[in-house]
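In the numbering used here, the protein residues as written are 7 to 405.
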């Protein structure tokens, strides 16, 4: 067996299942999960219809490069959403469809890491666990860059040593952040680009929450925008990942894409031709319809905004946290400071499931930045989120 498999840590939800296994929630209360970031809003009808119409494509093998129409739809969406010049994203050379961003984020490390050079892969801490697994399976050392309140919940670039930067071959960023909801501004991204120029590493920006934000006048920026502003029209050493899962509420379609530096995209396309994760053609056809429409995204964002303005504000007031700028999570301190204990009590006494923050982070010399925190996903219905807010208030108040 591949010895690198022994380096993988238990997934957070595996740990959560173990935590709740011996607990008995009150049967008179309906179960509400705020633990997993799985969108629960209805899928757009026109996307479902497009998927049904494309059923005849089931008899055709998909190609790794994807349909030209899908690559074009993704490229034009990037230009439209992030105010890039028309034609600045070459659909033929700078875009590659993925079977969801999770698959692509993991596979990228396998394609770009040279394990013979004792490499590091830098990532936020806390973080989406795929970054760590990707680094370990690529034979690299993960370097966890703490993102705490002191750094605005952004990875503290100043805490990285020169030796770690010199060995760095890949930096994962996540904006809007999971689990914090923090947004990397263009000034921060420009600092990252300067470091990438100096040390020669690839920047992989996970931007799958970019369409979920609270202020319609302040959409989160993209790494591609920072590239253009700093004269990197070829997106040198940069790639961004986007998905329809959160944007269009179709996580079961496993539809996303990566875009950026044509040199990286070309090599990644070669890797994926052997990797065998080409998106089914009927999913590609439905994805074209989704990327070409922005109206349903605005409506979806309004649903999240309503939940944050209602249940989100109440939970934030109860637990003493700020509302995030974007994404659909609350990153909140656990009353009493013990995230596992609070999650256990919330489940056993109120039948509400939350994710202990320590499960999403790793120990560093500065401690575990997730310890004493909980992640609450406002993906359930508005009524369920309001009910969860009631129960969290009851638990904290001792009612």
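We put the beta carbon where it would ideally sit given N, CA and C, even for glycine.
7 Å CB neighbourhood of residue i in its chain, flanking five on each side removed
i, result
"residue 343", "378"
"residue 21", "365"
"residue 385", "43, 44, 45, 46 and 334"
"residue 393", "38"
"residue 79", "294, 297 and 298"
"residue 194", "160"
Contact set for residue i: own chain, Cβ-Cβ below 8 Å, skip 5 residues either direction
i, result
"residue 402", "324, 325 and 341"
"residue 69", "284"
Identity of the residues DSSP links to residue i by a beta bridge
i, result
"residue 247", "212 and 264"
"residue 143", "Note: residue 143 sits in no beta bridge, so no partner."
"residue 180", "212"
"residue 285", "Answer is none; residue 285 lacks a bridge partner."
"residue 373", "370"
"residue 38", "358"
"residue 338", "380"
"residue 174", "126"
"residue 101", "265"
"residue 332", "219"
"residue 152", "131"
Inter-residue spacing [alpha-carbon to alpha-carbon] between residue i and residue j
i, j, result
"residue 463", "residue 298", "Summary: the structure shown does not reach residue 463, with the chain confined to residues 7 through 405, and so no result is reported for it."
"residue 351", "residue 43", "21 Å"
"residue 291", "residue 229", "27 Å"
"residue 337", "residue 318", "11 Å"
"residue 373", "residue 9", "28 Å"
"residue 170", "residue 126", "7 Å"
"residue 283", "residue 376", "33 Å"
"residue 182", "residue 279", "30 Å"
"residue 300", "residue 37", "33 Å"
"residue 346", "residue 25", "8 Å"
"residue 176", "residue 32", "46 Å"
"residue 123", "residue 196", "27 Å"
"residue 83", "residue 361", "33 Å"
"residue 404", "residue 251", "37 Å"
"residue 353", "residue 7", "38 Å"
"residue 226", "residue 212", "12 Å"
"residue 67", "residue 48", "29 Å"
"residue 12", "residue 60", "42 Å"
"residue 19", "residue 220", "27 Å"
"residue 424", "residue 119", "Here the chain has residues from 7 to 405 only, and residue 424 is not among them."
Beta-carbon gap between residue i and residue j smaller than 8 Å
i, j, result
"residue 289", "residue 113", "no"
"residue 262", "residue 316", "no"
"residue 76", "residue 103", "yes"
"residue 128", "residue 95", "no"
"residue 275", "residue 71", "yes"
"residue 179", "residue 238", "no"
"residue 296", "residue 247", "no"
"residue 293", "residue 335", "no"
"residue 97", "residue 74", "yes"
"residue 190", "residue 159", "no"
"residue 165", "residue 152", "yes"
"residue 234", "residue 270", "no"
"residue 356", "residue 397", "yes"
Nearest-angstrom Cβ-Cβ length linking residue i and residue j, presumed shorter than 8 Å
i, j, result
"residue 81", "residue 101", "5 Å"
"residue 359", "residue 39", "5 Å"
"residue 203", "residue 241", "About 13 Å separates the two Cβ atoms, so there is no contact after all."
"residue 328", "residue 322", "7 Å"
"residue 15", "residue 138", "7 Å"
"residue 217", "residue 253", "4 Å"
"residue 411", "residue 192", "No information on residue 411 is available, as it lies outside the stretch 7 to 405 that the chain covers here."
"residue 380", "residue 256", "So it is not a contact: roughly 28 Å between Cβ atoms."
Other residues of its chain near residue i: CB distance less than 6 Å, five sequence neighbours each side excluded
i, result
"residue 107", "214, 247, 249 and 262"
"residue 105", "260, 283 and 285"
"residue 391", "313, 317 and 384"
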